[in-house]
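Protein chains in written order, with our numbering: chain A, 1 to 347; chain B, 1001 to 1101; chain C, 2001 to 2188; chain D, 3001 to 3654. A short worksheet on the structure shown next.
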Amino acid sequence: MSITTFAIVSIIKSIAVIFVLLTAVAYSVWLERKVSAHIQNRWGPTRVGPFGLLQPLADGVKFIFKEDLTQPYVYKTLYIASPIIAVVFAITAISVIPFGNSITIGSITTPFQITDLNIGLLVVLGITSMGVYGVALAGWSSNSKYSLLGGLRASAQMISYEVSLGLSLIPVLMLAGSFSLREIVNKQQHLHWNFFYFPFGTLAFFVYLISAYAETNRTPFDLPEAESELVAGYHTEYSAMKFAMFFMAEYANMVTVACLSTLLFFGGWLGPVFGPPIVQSLLPVLWFCLKVFFFMFLYVWVRWTLPRFRYDQLMAFGWKVLLPTAVANLVVTGLVVAWKPDIWLVK
Amino acid sequence: MTIPLSCYLILSGILFTCGVLGFLIKRNIITIFMSIELMLNGVNLSFVAFAAQWHALSGQIFVFFVMVVAAAEAAVGLAIIIAVYRTRETLNVDQVNLLKL
Amino acid sequence: MHLILFLFFGGICVAGAVNLLVQRHPINSALSLVVVMASLAGEYLLLGAEFVAAIQVIVYAGAIMVLFIFTIMLLNAGEEERSKGSRVAILLGIPGVAIGGVLVAWTLLRHSNTAWVPMFALPGDPRAIARLLFRDFLLPFEVTSVLILIAIMGAVVLASKPEAVAPPKAAEPTPREAPELVASGRER
Amino acid sequence: MTPNPYLWLIPVLPLAGAAINGVFGRGLPKKAITAIALGFCGAAFLLALKIALGFSPSEAPYSFELAPWIRAGSFQADFSFYLDQLSLVMLLVVTGVGFLIHIYSVGYMADDDGYYRFMSYLNLFMFFMLTLVLAKNYLLMFIGWEGVGLASYLLIGFWFTKDSAAAAGKKAFIVNRIGDFGFLIALFLIIKHFGSLDFTRVFAAVQPLQPEIAGTGLLTSIGLLLMVGAAGKSAQIPLYVWLPDAMEGPTPVSALIHAATMVTAGVYMVARSHVIFERAPGALTVVAVIGTLTALFAATIGIAQTDIKKVLAYSTVSQLGYMFMACGVAAFSSGIFHLMTHAFFKGLLFLAAGSVIHGVGGEQDMRKMGGLRTFMPWTFATMGIATLAIAGIPPLAGFWSKDEILGRAYNANPLYWLLGIVTAFITSFYMFRLMYMTFGGDYRGAPVGGTHGRDHHGHGHGHGSPHESPWVMLGPLVVLAILSVIGGFVGIGGGFEHFLAPVFQTAPGMELTGEASAEAANKGMEYLLMGVSATVAFAGWFFAYLLYTRRPELPARIASSLGGLYRAVANKYYVDELYASLFVKPLVEGSTAILWKGVDQGVIDATVNNAADEARHVSDNVRHMQSGNLRSYAGWVAAGGAVVIAYMVWMGVR
């Protein structure tokens, strides 16, 4: 494959992925509203389109046409830059996520992935860790008490839980022996999903899930934007498209987390495959999307089930419960991997 | 697709020099601290470059150690800065020139 | 190609470093430092040290610099004052730096054509690095972990309020994230 | 006999006692202290007895190595002990008399605050003395030598709050240092020439050497230096001055250390080194002359003393002179014999004197005593026996040993004998003078009680007249009195000498004149000499009786008629004053002018002060570097870094 073809294919893939991602983001908002409404015995959006399916579009239009307020006392450069930072890093993270095996169109065979790096997981981690800047800078540059507190809380929470998050991923890496997401998935063939390695795989999954919820500032860890105390946290002073960017960033992060959960613990795109070649290459994508959908649903489910933590509880939980658990789990996994008992490691 | 090693080293030197200069001319203690990090990064670059030139991975290992030290230093240093700020109410190093309060 | 990429990242790097010096607000300096680090990660990638690059982003840009920004936000650091502090720094230090830098650069340029580094020269495979780190450098590794532990304890003791160290409190939060600090930092 | 493997326990037991009492004594009840001190000391004595009973001359000498100590190249000095007839005698004397005096101390020191300290020191002394006696090499002997000096210092200055006691302690220590200096140089010479300090090896190396009859040489120098050490420790001319002052210590100390044991260490050392001395006739002559002169000299001083302990002190010096005289005429076994009997009767004399002092409430001036015979009959009886013994009245111990010495001295040189006989007469005179002044006549002192006497131990309960001492004190007196009576019989017919003969035997053909002629002396001569000494002793008694009972006014008249001579004697021939102006004053003034003002202030202090001033000047200028400003520090660092880089580049270019 020549460089030109490579570049063209890459560009096509990038555009497609971004398009799909943004759509997914939009419809996860719709999903959230719908699911929460049904949990609360309401209907949710119904007016725009069948089942309110066009609601995201309407929201988008509304965001675009709203007045974009920029308060006079803000630190302007960063005030403008921070939503962009947030959304850019949120979307970039998707670039190393594989959605399926590979597809062959004509003479070109290409994986369902913008790029496959052998340190893919680290890249995702790095990019998400950069996402903190958007939140923190937004809180600071708004020059408002609520924003600053929200920003401080958010950044503290994110760097705290990032430790547990990283540690919870290491058991997976130990089992797979690689940083490449594609390889991690391939190691989980035949339903040997990491989730099923009881107890450490399962434990790692739950630690990961909790940390990820905290990382994405979702309930029960949505302290940074706790509306009852901080109005809206770090994006209190934002409106219109800038606010929409934070919104998009948040949901894009959710999608990324859901993708990672799927890839790392639930076998990614693996599933029953049959039919003609084109179906064979598309079916995995379907399985992948279903699993991701489940996790998106789980987000909403959890949101409307669990109450919000108090801030000191959140910190204490992160440092005193989650981190020791993750470390202990790490040690156990290390021992098991070194010992290689056949009960667990059927591979 | 090769470039001389000295290019990397000069880049590293420039970063280091910028760090030293920052230490000399900056008044804000946090910025001064960042200058130190800049110097460390400059050194890290030369480590990696030498590792590449001599095909010795230990150069990269050193980078990790430097990072660990930098992290520890940042934690303690920033804690000190917070403590200093609490007692002096200033971050200007020119005003923090007495050990006595 | 290599040269172009090198110059590209290097240019960003130097621009960031210079910006760090020029900017008077610490948060701008911090952000330029983040830029420097990110572009340095690019340089590492060029040298093939992909693992180092990833760690550079995660640890330096993602953790250490966040800590810096966090501190800046916490202390609400404002613009730098142009105070006259030290003649020595100007009269001795800057010439010293200039002389040192020039000498080093001169030396490097004299030997500039001796070694050439190809692109992706030394693949910093995580596996190889791990092998080296946990076999040959096991003792230093453990020592640094002790160092980190000490640093954590030192940071906790230093940054916690004097009265917050002694009395027993339910669920004492780690100081740098402590909410009461946030509040007090803001009130000042 | 199986050479007792517990030999090393003998010195170590008192050390343990000293350690326990010294460390924990403050908090222990008095009975426990007593039990510990007596227990350990008594155990050592019993062990010594057991060894003595199992001793068989055929297997002696026996040596036992406890642990290696110094091993440098071929030089070797170990913690090793040595037991032969000589050390066995010393061992028995030291442990036996020491144990008795320990018992006596229990009564004598009962009311003292520093009781535990005293007992600890006594035990410590025992340890060092036994180390000295049992040592197998000169170095270990020197340890004991110095150690007894230390214990002596501690005990003389036991009542350190009293200036005179502290000064006396220092005096004893310093005068002993002079002697030790000579001893040390002798040791260095021995190491230099024989490469060892071990007795057997040194003596084996000395054995084949020819006697340095005509002229002097190595052995003479070693012998003379050893004699300097012995003179210091055993209070011989010219280093005797510390012993009378040492009477500042508690009386049991005077008895144990300054009469019975420590001061005889010099004699023991000379006897132990007899191999060297026998081959150095010059040194031997010096020993004999010093001994004879000391005996006479100290005895004359003793006449005029009024302090009961001072009289005994000068008597001790005099008797030690006898021992050296014996050694000087190569009659070592006679010296040791006299050492043993002297330990008995002089220890007894001191203890009895202590009992007297105790009874009259701390008074030591004999002019304030008198008539004590009725108040303290036991003390009188025992002290009387001791006086008979020391005066040389047959058949008590002193007679035999002194007579043997005099006989040997006569064989060597009649002049020694003459001076010895004169000394014996004087001895007899002043001892009976002491007896008459103390026990005869009527009581002249003030009623006893209330005031605490010089010896500090005044009794809480007041009573009007002198009283007898408790039995814990009288017991040792009686035992020693018995020994003083019968102690001399071991020497009849040369029994003691034969016992010690294996130690002092000399190589064939090496008999010295004294020794040889002693063998040849005919019986008649011997009996004649015996008769003379007995006569002289009785004469001394008679004179004392005459002067202090019959005609008590005579002494004063004689004293006034003698005028200057009497004053000189009463003032101990002004020796202390002579030493003070001859040695002490120049030393003090020299130290003040040259060492203190000149060297210390002018050179050492000046160097330090000037350096400090200079440092302050420099730092006054340099401190501006340390402004406290972080950035200026960074400036300095950067400049320094530039210098370093420049240097390295320059080196690289070159």
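All C-beta atoms, glycine included, are put in the ideal place defined by N, C-alpha and C.
Counting only Cβ pairs nearer than 8 Å, list the residues of chain C close to residue i.
i	result
G334(A)	Result: empty, since nearest Cβ-Cβ is about 11 Å, beyond 8 Å.
List the residues of chain D whose Cβ lies closer than 7 Å to the Cβ of residue i, in chain order.
i	result
V1020(B)	A3638
L1011(B)	Result: empty, since nearest Cβ-Cβ is about 18 Å, beyond 7 Å.
Taking 7 Å as the CB-CB limit, is residue i close to chain D?
i	result
T2107(C)	yes
L2045(C)	no
A1083(B)	no
L1098(B)	yes
L2092(C)	yes
Check this for me: beta carbons of residue i and residue j, under 7 Å apart or not?
i	j	result
G3347(D)	V3148(D)	no
G3249(D)	F3183(D)	no
L3132(D)	A3077(D)	no
V124(A)	A90(A)	no
Y234(A)	G151(A)	yes
S3484(D)	A3397(D)	yes
A3186(D)	I3222(D)	yes
Taking the alpha-carbon positions, what's the residue i to residue j distance?
i	j	result
N329(A)	G49(A)	48 Å
V3536(D)	P3014(D)	43 Å
S3560(D)	T3549(D)	19 Å
I278(A)	F1033(B)	57 Å
S28(A)	I2004(C)	41 Å
I3143(D)	G3475(D)	33 Å
A136(A)	I2069(C)	8 Å
T3300(D)	D3600(D)	45 Å
L314(A)	A156(A)	11 Å
V2022(C)	Y2044(C)	26 Å
Any Cβ of chain B within less than 7 Å of the Cβ of residue i?
i	result
E2187(C)	Only weak support exists for where E2187(C) lies, its pLDDT of 37 falling under 50; the value from the coordinates is given anyway. Cβ-Cβ to chain B under 7 Å: no for E2187(C).
V2066(C)	no
E2172(C)	At E2172(C), the pLDDT of 45 sits below 50, so the modelled position is not reliable and the matter cannot be decided from this model.
G3652(D)	no
I2012(C)	no
Use the C-beta contact count for residue i: other C-beta atoms within 10 angstroms, 16 or more gives buried, fewer gives exposed.
i	result
M3369(D)	buried
H218(A)	In the sequence on display, residue 218(A) carries Arg and not His. Under this definition R218(A) is a buried residue.
L169(A)	buried
A3481(D)	buried
H190(A)	exposed
F3631(D)	According to the sequence as given, residue 3631(D) is Arg; it is not Phe. Flag for R3631(D) reads buried.
S3581(D)	exposed
G139(A)	buried
Quick one: which chain B residues come within Cβ less than 7 Å of residue i?
i	result
S2029(C)	T1031 and M1034
With a threshold of 7 Å between beta-carbons, can residue i be considered close to chain A, or not?
i	result
P2095(C)	no
A2130(C)	no
M2215(C)	A question about residue 2215(C) goes unanswered here, because the residues of chain C that appear run from 2001 up to 2188.
A2054(C)	yes
If we define contact as Cβ-Cβ less than 7 Å, is residue i a contact residue for chain C?
i	result
M1067(B)	yes
S1046(B)	no
G3635(D)	yes
V96(A)	no
G3628(D)	no
List the residues of chain C whose Cβ lies closer than 7 Å to the Cβ of residue i, in chain order.
i	result
V1063(B)	V2052
Give the residues of chain A in contact with residue i, contact being defined as C-beta atoms less than 8 Å apart.
i	result
F2141(C)	Chain A residues near F2141(C): none, gap ~15 Å exceeds 8 Å.
Would you mind telling me which residues of chain B sit closer than 9 Å to residue i, beta carbon to beta carbon, in chain order?
i	result
R3631(D)	F1023, L1024, I1025, K1026, R1027, I1032, V1093 and D1094
Quick check on residue i - is its C-beta less than 7 Å from some C-beta in chain E?
i	result
V1043(B)	Absence of chain E from the displayed structure is noted, the protein chains being A, B, C and D.
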